[in-house]
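Have a look at the structure below before the remarks.
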Amino acid sequence: MRYRKNVFSGDLASPSRRRFVQGLAMGSMAASLGVGSRALWASADQQQKIPTLKGRDFDLAIGEQVVNFTGTPRIGTTVNGSLPAPILRWKEGDTVTLRVKNNLPETSSIHWHGIILPSSQDGVPNISDGFHGIAPGTTHTYQFKVVQSGTYWYHSHSGFQEQTGLYGPIIIDPKEPEPFTYDRDYVVMLSDWTDEDPTVVYAKLKKLSHYYNFNERTHKDLMKDLKEKGLARTWSERKMWMQMRMSQRDLADVTGYTYTYLMNGQTPADGWTGLFRKGEKVRLRFINGSAMSFFDVRIPGLKMTVVAADGQYVQPVSVDEFRIGVAETYDVIVEPDDGAYTIFAQSIDRSGYARGTLTPDPAMTAEVPAMDPVPNLTHMDMGMDMSGMGHGMHNMGGMDMKGIDHSQHRMGGMDMKGMDHSQHQMAGMDMKGMDHSQHQMAGMDHGQHQMNGMKMPMGKPAHPSDFTGGKVTHAPTEYGPQVDMRADAPQYRLDDPGVGLRNNGRRVLTYADLKHLHGTNDPREPDREIQLHLTGNMSRYMWSVNGVKFNDAEPLRWKMGERLRITFVNDTMMNHPMHLHGMWSDLETGDNDFIPRKHTVIVQPGSRISYRVTVDAEGGWAYHCHLLYHMLGMFREVQVS
Ligand SMILES: [Cu+2]
1 MRYRKNVFSG DLASPSRRRF VQGLAMGSMA ASLGVGSRAL WASADQQQKI PTLKGRDFDL
61 AIGEQVVNFT GTPRIGTTVN GSLPAPILRW KEGDTVTLRV KNNLPETSSI HWHGIILPSS
121 QDGVPNISDG FHGIAPGTTH TYQFKVVQSG TYWYHSHSGF QEQTGLYGPI IIDPKEPEPF
181 TYDRDYVVML SDWTDEDPTV VYAKLKKLSH YYNFNERTHK DLMKDLKEKG LARTWSERKM
241 WMQMRMSQRD LADVTGYTYT YLMNGQTPAD GWTGLFRKGE KVRLRFINGS AMSFFDVRIP
301 GLKMTVVAAD GQYVQPVSVD EFRIGVAETY DVIVEPDDGA YTIFAQSIDR SGYARGTLTP
361 DPAMTAEVPA MDPVPNLTHM DMGMDMSGMG HGMHNMGGMD MKGIDHSQHR MGGMDMKGMD
421 HSQHQMAGMD MKGMDHSQHQ MAGMDHGQHQ MNGMKMPMGK PAHPSDFTGG KVTHAPTEYG
481 PQVDMRADAP QYRLDDPGVG LRNNGRRVLT YADLKHLHGT NDPREPDREI QLHLTGNMSR
541 YMWSVNGVKF NDAEPLRWKM GERLRITFVN DTMMNHPMHL HGMWSDLETG DNDFIPRKHT
601 VIVQPGSRIS YRVTVDAEGG WAYHCHLLYH MLGMFREVQV S
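According to this note's numbering, the sequence shown is numbered sequentially starting from 1.
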């Protein structure tokens with residue numbers, strides 16, 4: 001299973017596609033690693049290919065520079081000449097001072113993602129108290145006390161600068177000893193690079209939201225569906241998607257068609273390399289610094305023990321794979337044997353991957369696995385309720401319903417009530433009065449009902465915070481005519497690994513696995529609940545909260561000291577990684593005694609999710625979807641007073 005360097009499967013057989021950065025030593029480490037000499041150990045040992053800056057005082061210069069990830073030189077946004085920006089290593093309890101010089105011809109900013117600090121230091125122009133961005137040619141000084149530890153990151157909050165390279169890791173070493181041991185420590189920063197100007201990417205999406213979606217189902221797929229599912233069901237399913245102006249393969253707006261996925265700034269062709277010695281425990285600090293891309297991460301041959309999520313310790317959980325949303329971080333510990341391993345991070349839509357190698361020998365690399373098949377969104381991802389689902393629907397597909405527990409369907413959340421009749425009419429059949437117990441039908445597609453084969457949480461009780469029952473009651477037009485998606489009955493799906501990861505034979509991390517290591521920080525019950533709908537209009541590529549875009553919205557006003565429950569209802573069929581600045585999101589994963597703290601929470605398509613917020617930070621804060629091209633609309637200002 002182990003291969004020598006440059007023996008790759010698939011499209012990686014062209015190692016000559018080496019990245020080149022003009023006037024910089026950024027790629028030199030990568031190049032020198034290939035020599036494979038033991039003398040390289042000293043430098044290779046610590047190398048991450050992203051420079052590290054340590055201490056309390058930092059001088060950061062934002063600039064532009066020629067980069068080349070694809071064979072075509074392009075201008076990237078760098079910090080101190082580096083893309084990704086340098087790793088900043090702080091110490092809990094220190095006061096850090098960061099002087100940020102803006103050498104760009106436009107306003108810039110740096111936001112310290114997931115860091116608890118005063119609003120004035122948070123770095124969001126015109127929302128953070130007294131901060132209006134860093135004007136060209138000027139220097140802005142940030143200063144704050146570091147009150148936490150763990151793995152975080154920083155990025156620009158201006159324009160599309162994050163897409164063009166302004167993102168970097170933050171590591172905060174704790175005051176207290178850590179609750180686990182390891183011998184080696186690597187940042188694994190994932191990101192997405194495009195040669196296109198992000199303003200062009202955005203303009204294309206505005207014009208045609210499927211512009212980059214080459215996975216759209218084809219005529220061949222249609223014929224296959226017709227054969228397998230019959231005309232009636234194929235038609236009805238497709239009609240559903242068409243009504244929503246969505247497709248079952250709307251997994252990512254911007255895809256591998258334009259993106260090159262990077263691991264620590266290295267392309268899949270180059271790969272990033274992390275060295276270890278046999279017997280060592282290696283801590284990997286995964287950070288998703290992408291503009292738009294979710295990754296499914298695994299290291300074939302290795303179990304990963306997740307020890308922290310979004311910088312905060314969790315009870316260790318051993319997994320084969322995890323999904324990391326934009327802006328999330330996960331710390332895992334691995335114990336490699338004496339061999340090379342591929343760190344494989346495929347994008348959620350399987351349009352590409354980022355890749356690295358853990359190896360005891362710089363000359364040794366490992367096989368790169370094939371990507372998983374492109375997943376289809378299911379009715380569950382559409383937030384449909386199956387509780388009232390008529391048998392007729394099943395019959396349409398020619399299925400045997402015997403032995404199928406209906407609670408399964410209910411858990412899966414597909415409501416066919418409103419569709420039954422059209423179903424029947426479309427099929428030209430009237431199922432009324434038929435004896436359902438008698439239908440013996442071949443070729444049942446269990447997958448459809450079990451949501452691509454996901455094991456349903458049978459008999460699982462309602463979520464403890466489920467005030468309103470399973471049904472979300474809002475009229476189709478409640479959030480305005482600009483909204484063209486509406487989830488009928490979004491469920492809590494904490495133990496759902498998500499589309500593309502269900503029943504894949506691997507142990508995949510879910511939010512239900514996340515338990516605070518030491519216990520809930522603030523055990524108070526929430527004083528009030530705020531329900532926020534994530535809404536959108538795909539045909540106009542407009543994203544919003546409660547149907548209202550940021551520009552048209554009043555700030556959310558919260559009171560200092562209150563304890564809130566935020567419940568997101570995702571009316572869209574995309575994942576949205578929601579990020580609250582300045583305060584923790586205490587995610588209700590089922591065990592109220594061990595509520596984990598996060599700064600970014602994925603709200604799955606057609607689902608809902610709740611977290612508690614202790615409102616303990618005064619001033620103005622940003623609250624938004626962290627997908628860069630969703631942010632313009634799916635964004636709220638929070639004012640705490
Ligand atoms: Cu979004």
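Ideal Cβ placement from N, Cα and C applies to all residues, glycine included.
Computed from a prediction, not measured in an experiment: that's the story for all the values here.
Which residues in the same chain as PHE568 place their Cβ atom closer than 7 angstroms to its Cβ, once the five residues preceding and following it in sequence are excluded? LEU532, LEU534, MET578, VAL603, ARG608 and ILE609.
Three or more beta-carbon pairs under 8 angstroms between the region 191-210 and the region 104-118, yes or no? Contact fails: fewer than three Cβ-Cβ distances are below 8 angstroms.
Ranges of the beta strand (DSSP E) found wholly within the region 509-570, counting only runs of at least 3: As far as the region 509-570 is concerned, its whole beta strand (DSSP E) runs of at least 3 residues are 528-537, 542-545, 556-558 and 563-570.
Using a Cβ-Cβ distance under 8 angstroms, would ASN592 count as near chain C? In the structure shown, chain C does not exist; there is a single protein chain.
Taking 7 angstroms as the cut-off, does the CB of ILE292 come closer than this to any heavy atom belonging to ligand 1? It is worth fixing the name first, because residue 292 is Met in this sequence and not Ile. Taking 7 angstroms as the cut-off, one finds no heavy atom of ligand 1 near enough to the beta carbon of MET292.
Quick one, which of TRP558, LEU501, HIS516 and THR52 has its alpha-carbon nearest ARG528's? Residue TRP558 is the option with its Cα nearest to ARG528.
Assigned exposure category for ALA370 - 16 Cβ within 10 Å defines buried: Looking at its Cβ environment, which holds fewer than 16 other Cβ atoms inside 10 Å, ALA370 is exposed.
Out of ASP183, THR258, ILE299 and TRP153, state which residue places its alpha-carbon closest to the alpha-carbon of VAL326. Per the C-alpha coordinates, the member of ASP183, THR258, ILE299 and TRP153 positioned closest to VAL326 is TRP153.
When you compare the CB positions of VAL188 and GLY356, do they come within less than 8 angstroms of one another, or not? Cβ atoms of VAL188 and GLY356: closer than 8 angstroms.
Reduced DSSP category for SER128 - H, G, I as helix; E, B as strand; rest coil: Correct three-state label for SER128: coil.
In chain order, what residues of the same chain have a beta carbon less than 8 angstroms from the beta carbon of HIS373, not counting five sequence neighbours either side? Per the sequence shown, residue 373 should be read as Pro rather than His. Result list for PRO373: ARG350, in chain order.
Among the candidates GLU335, PRO360 and SER293, whose CA atom is the shortest distance from the CA of ASP192? Between ASP192 and the set GLU335, PRO360 and SER293, the nearest pair of CA atoms involves SER293.
If you draw a straight line from the C-alpha of ASP593 to the C-alpha of GLY71, how long is it? Going by the C-alpha atoms only, they are around 52 angstroms apart.
Just mark ASP57 as buried or exposed, buried being the case when its beta carbon has 16 or more other beta carbons within 10 Å. Looking at its Cβ environment, which holds fewer than 16 other Cβ atoms inside 10 Å, ASP57 is exposed.
In three-state terms, what does DSSP make of LEU88? Three-state DSSP puts LEU88 in a strand.
For ASP192, the residue or residues it bridges with in DSSP: According to DSSP, which records beta bridges pairwise, ASP192 is partnered with TYR261.
Under three-state DSSP, which class holds THR199? In the structure shown, THR199 falls within a helical segment according to DSSP collapsed to helix, strand and coil.
Considering Cα atoms alone, identify which of VAL254, ASP616 and HIS630 is closest to GLY643. Residue 643 is absent from the model: the chain starts at 1 and stops at 641.
In this structure, what does DSSP give as the bridge partners for SER108? Partner(s): ILE134.
Buried or exposed, going by whether 16 or more other CB atoms sit within 10 Å of the CB of ILE287? Its Cβ being crowded by 16 or more others within 10 Å, ILE287 is buried.
Are ILE134 and THR107 touching if we call contact CB-CB under 8 angstroms? Their beta carbons are under 8 angstroms apart, which means ILE134 touches THR107 by this criterion.
CA nearest to the CA of VAL124, picked from SER109, ALA512, PRO136 and PHE344: The residue with the shortest Cα to Cα distance from VAL124 is SER109.
Say yes only if the C-beta of TRP543 is nearer than 7 angstroms to one or more non-hydrogen atoms of ligand 1, and no if none qualify. Yes; taking the cut-off as 7 angstroms, the Cβ of TRP543 has a heavy atom of ligand 1 nearer than that.
So which of PHE322, PHE180 and ALA553 has the shortest CA-CA distance to GLY500? Taking only the C-alpha atoms, the option nearest GLY500 is PHE322.
For LYS184 and VAL306, which I take to be in contact (beta-carbon distance under 8 angstroms), what is that distance rounded to the nearest angstrom? According to the sequence provided, residue 184 is Arg. The question's Lys does not apply to it. In fact, because the Cβ distance is near 17 angstroms, the residues do not count as touching under 8 angstroms.
PRO136 versus GLY547, ASP338 and LYS101, residue with shortest Cα-Cα distance: The shortest CA-to-CA distance from PRO136 to any of GLY547, ASP338 and LYS101 is the one to LYS101.
Who are GLN312's beta bridge partners in DSSP? Partner(s): ALA309.
Environment of GLY633 [buried if 16+ CB atoms lie within 10 Å]: Classification of GLY633: buried, given that the 10 Å Cβ count is 16 or more.
Could you tell me whether any non-hydrogen atom of ligand 1 is closer than 7 angstroms to the CB of LEU580? Every heavy atom of ligand 1 is 7 angstroms or more from the Cβ of LEU580, so no.
Would the C-beta of THR630 count as close to ligand 1, meaning under 7 angstroms from any of its heavy atoms? With the sequence shown as reference, residue 630 is identified as His, and Thr is not the correct amino acid for it. Because some heavy atom of ligand 1 lies under 7 angstroms away, the Cβ of HIS630 counts as near it: yes.
Please classify ARG524: is it buried, with 16 or more other beta-carbons within 10 angstroms of its beta-carbon, or exposed? Taking a 10 Å sphere around the C-beta of ARG524, we find fewer than 16 other C-beta atoms and assign the residue as exposed.
Do THR95 and GLN143 come within 8 angstroms of each other at the CB atom, strictly closer than that value? Yes, they are a contact pair.
LYS206 in three-state terms, based on DSSP: Taken through DSSP and simplified to helix, strand or coil, LYS206 comes out as helix.
Please say whether LEU60 and LEU104 have beta carbons closer to each other than 8 angstroms? Not in contact: LEU104 and LEU60 (Cβ atoms no closer than 8 angstroms).
How about GLN312 and GLY150: do their beta carbons lie closer than 8 angstroms? Contact flag set, yes.
ILE50 and SER82 - do their beta-carbons sit closer together than 8 angstroms? Yes, they are a contact pair.
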